[in-house]
Structures are given as C-alpha cells and as structure tokens.
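Participant:
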Amino acid sequence: DTGVSQDPRHKITKRGQNVTFRCDPISEHNRLYWYRQTLGQGPEFLTYFQNEAQLEKSRLLSDRFSAERPKGSFSTLEIQRTEQGDSAMYLCASSPGQGGETQYFGPGTRLLVL
Amino acid sequence: RKEVEQDPGPFNVPEGATVAFNCTYSNSASQSFFWYRQDCRKEPKLLMSVYSSGNEDGRFTAQLNRASQYISLLIRDSKLSDSATYLCVVNMEGYSSASKIIFGSGTRLSIRP
C-alpha cells in the first residue's frame with residue numbers, strides 16, 4: 343500500500359504524559375499537513391510542511407505541540423504534558439505540491455487522554 | 106459566521122432517492138472547492154473537485170455558485186453504500202496558504218433500504 347500511513351493508530355495516555363505520532367506521506371509528495379478532528383467536526387488545520395520547512399502553524403498549535411519533518415519525508419507530531427482536551431483524531435495528509443491541491447489522508451491516530 | 110457552513114443533517118433517505126446538500130462559504134475570493142467523503146471512524150477521501158462550470162462523476166454532480174457563495178452536491182439513485190459524512194472543503198487563498206483550506210463540519214447522510 344503506497345498511501346499515507348500513520349502510527350500508532352490508537353493511543354491512550356494519562357494526563358501530563360508526552361506522546362509522539364508519526365506520519366509517512368505518499369512518496370514524492372512535497373506537502374504534508376497535520377489536522378485535528380473531534381466528533382461532529384471537520385478536520386482543523388494544525389500545521390503544514392513544504393519539504394522539510396514548516397511553513398504555517400495554526401493558533402490551535404500551542405507551545406505544547408511541536409512537529410518536525412527533518413528530511414522532508416516522514417513527519418512527527420509531539421504533544422507534551424497532554425491534557426484531556428487534546429483527545430481527538432490526529433490526521434496527516436499529503437499532496438503533490440505542484441499546484442494540485444487534492445489531499446490524501448492517512449487513517450489517523452486516535453488519542454484518548456485520561 | 107463560520108467560514109464554511111454545512112447543514113449537519115442527518116439526511117435520512119430511501120435507497121434510490123435523489124439527495125442534495127449545500128455548503129456556503131464566507132470569502133468571496135475563495136479559489137477552489139472540493140467534496141470529501143468520510144466514513145465512520147475513517148479518514149476523509151476526495152469525492153470530487155468542484156469546477157466553475159459544474160461537473161459530474163457518475164451519480165454525483167457538483168456545482169458552484171460564486172454569486173451566492175455556495176457549492177452543492179447532488180447524488181442521484183442513492184445506494185446504501187453512499188451512507189457517510191460529506192465534507193465541504195474550500196481553499197480561501199489559493200495555492201500558497203494551507204491554513205486557508207477550510208473543512209466544513211460535514212453533512213451526515215444515511216440511506217435506508
């Protein structure tokens with residue numbers, strides 16, 4: 343399968359712990375996005391990379407959140423000192439970045455903070 | 106006012122029916138438009154882009170009304186497998202800004218036998 347993959351698919355953690363999620367985009371896709379989705383809502387933009395450069399970050403991305411894409415391929419999203427309000431589905435998407443804007447989503451990581 | 110608004114539904118229609126839903130957007134300078142489909146507890150998947158002249162893909166027809174700032178999705182001869190949430194996506198500032206790709210909250214569609 344050459345689609346977008348995410349790991350882990352599910353994560354349960356206790357409040358205050360740190361968690362890290364990984365996203366592997368479709369190879370050769372320059373753009374990589376992170377979104378958060380809660381029940382009954384559409385995906386909300388968190389951040390976006392063009393190759394290894396993080397070009398935009400949402401106001402939703404507090405200081406506890408950090409994302410990297412060190413070699414322009416896979417990306418990680420880390421949440422430090424998790425809070426119950428962080429419980430959500432974290433979706434990664436990629437796109438070719440050549441003018442086409444179709445985003446291809448991974449299956450998501452479902453986070454539950456107890 | 107939300108930047109992208111959809112009727113949350115649910116729309117509950119019998120198999121074979123025609124169903125349509127709209128999505129309104131606030132920024133008249135919005136550049137591109139899409140419909141995504143999301144099944145329960147799954148990721149969104151592109152259903153179709155929406156072109157200025159309107160476009161059709163099998164049983165699905167998408168239209169754009171720039172004057173009234175809405176897009177629509179029409180599903181003809183609905184199937185049980187069409188049951189899903191349909192997300193409207195609007196790119197408000199064009200290619201350069203990912204943060205202005207705005208997703209609506211989705212419209213839930215349920216097709217009954």
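Here the protein sequences come in this chain order: A and B. First residue of the first sequence: 343, per my numbering; consecutive thereafter. First residue of the second sequence: 106, per my numbering; consecutive thereafter. Using N, Cα and C, we set each Cβ at its ideal position, and we do this for glycine too. None of the values given here were measured: they were computed from a predicted structure.
Nearest-angstrom Cα distance between ARG351 of chain A and HIS371 of chain A?
Facilitator: Walking along the first sequence from the start, residue 351 of chain A turns up at place 9. Walking along the first sequence from the start, residue 371 of chain A turns up at place 29. Computed Cα separation, rounded: 22 Å.
Participant: Determine whether the beta carbon atoms of GLY188 of chain B and ALA122 of chain B lie at a separation below 8 Å.
Facilitator: Residue 188 of chain B sits at position 83 when you count from the first residue of the second sequence. Residue 122 of chain B sits at position 17 when you count from the first residue of the second sequence. Here residue 188 of chain B is Ser; the residue named in the question, Gly, does not match the sequence. Contact flag unset, no.
Participant: Classify ARG142 of chain B as buried or exposed, calling it buried when 16 or more other Cβ atoms lie within 10 Å of its own Cβ.
Facilitator: By one-based count along the second sequence, residue 142 of chain B stands at place 37. That one is buried.
Participant: Considering only C-alpha positions, which residue in the set A:THR451, A:VAL455, A:MET431 is nearest to GLY384 of chain A?
Facilitator: Taking the first residue of the first sequence as position 1, residue 384 of chain A is located at position 42. Per the Cα distances, A:MET431.
Participant: Can you list, in chain order, the stretches of the beta strand (DSSP E) that have 3 or more residues and sit fully within the region 139 to 212 of chain B?
Facilitator: If we require 3 residues or more, the beta strand (DSSP E) runs fully inside the region 139 to 212 of chain B come out as 149 to 155, 160 to 162, 165 to 170, 175 to 180, 189 to 196, 206 to 208.
Participant: Whole angstroms are fine: how far does the CA of GLU398 of chain A sit from the CA of PHE391 of chain A?
Facilitator: Taking the first residue of the first sequence as position 1, residue 391 of chain A is located at position 49. Taking the first residue of the first sequence as position 1, residue 398 of chain A is located at position 56. Whole-angstrom Cα-Cα distance: 7 Å.
Participant: Going along the chain, which residues of the region 395 to 406 of chain A sit with their C-beta nearer than 9 Å to a C-beta in chain B?
Facilitator: Residues of the region 395 to 406 of chain A that bring their beta carbon within less than 9 Å of a beta carbon in chain B comprise LEU397, GLU398, LYS399, SER400, in sequence order.
Participant: Comparing the C-beta of GLY414 of chain A with each C-beta of chain B, is any distance below 8 Å?
Facilitator: Stepping through the first sequence from its first residue, residue 414 of chain A is reached at position 72. Not one chain B Cβ lies under 8 Å of GLY414 of chain A.
Participant: Using only alpha-carbon positions, find the residue among A:THR451, A:VAL455, A:ASP366 that is nearest to ARG146 of chain B.
Facilitator: Locating residue 146 of chain B in the second sequence gives position 41, where the first residue counts as 1. Of A:THR451, A:VAL455, A:ASP366, the residue nearest in Cα terms is A:THR451.
Participant: Mind pulling the chain B residues with CB within less than 7 Å of GLN383 of chain A?
Facilitator: Taking the first sequence and counting its residues from 1, the one referred to as residue 383 of chain A is at position 41. Those are SER210, listed as they occur along chain B.
Participant: Distance, Cα to Cα, SER429 of chain A vs TYR377 of chain A?
Facilitator: Taking the first residue of the first sequence as 1, we reach residue 429 of chain A at position 87. Taking the first residue of the first sequence as 1, we reach residue 377 of chain A at position 35. Cα-Cα distance, rounded: 13 Å.
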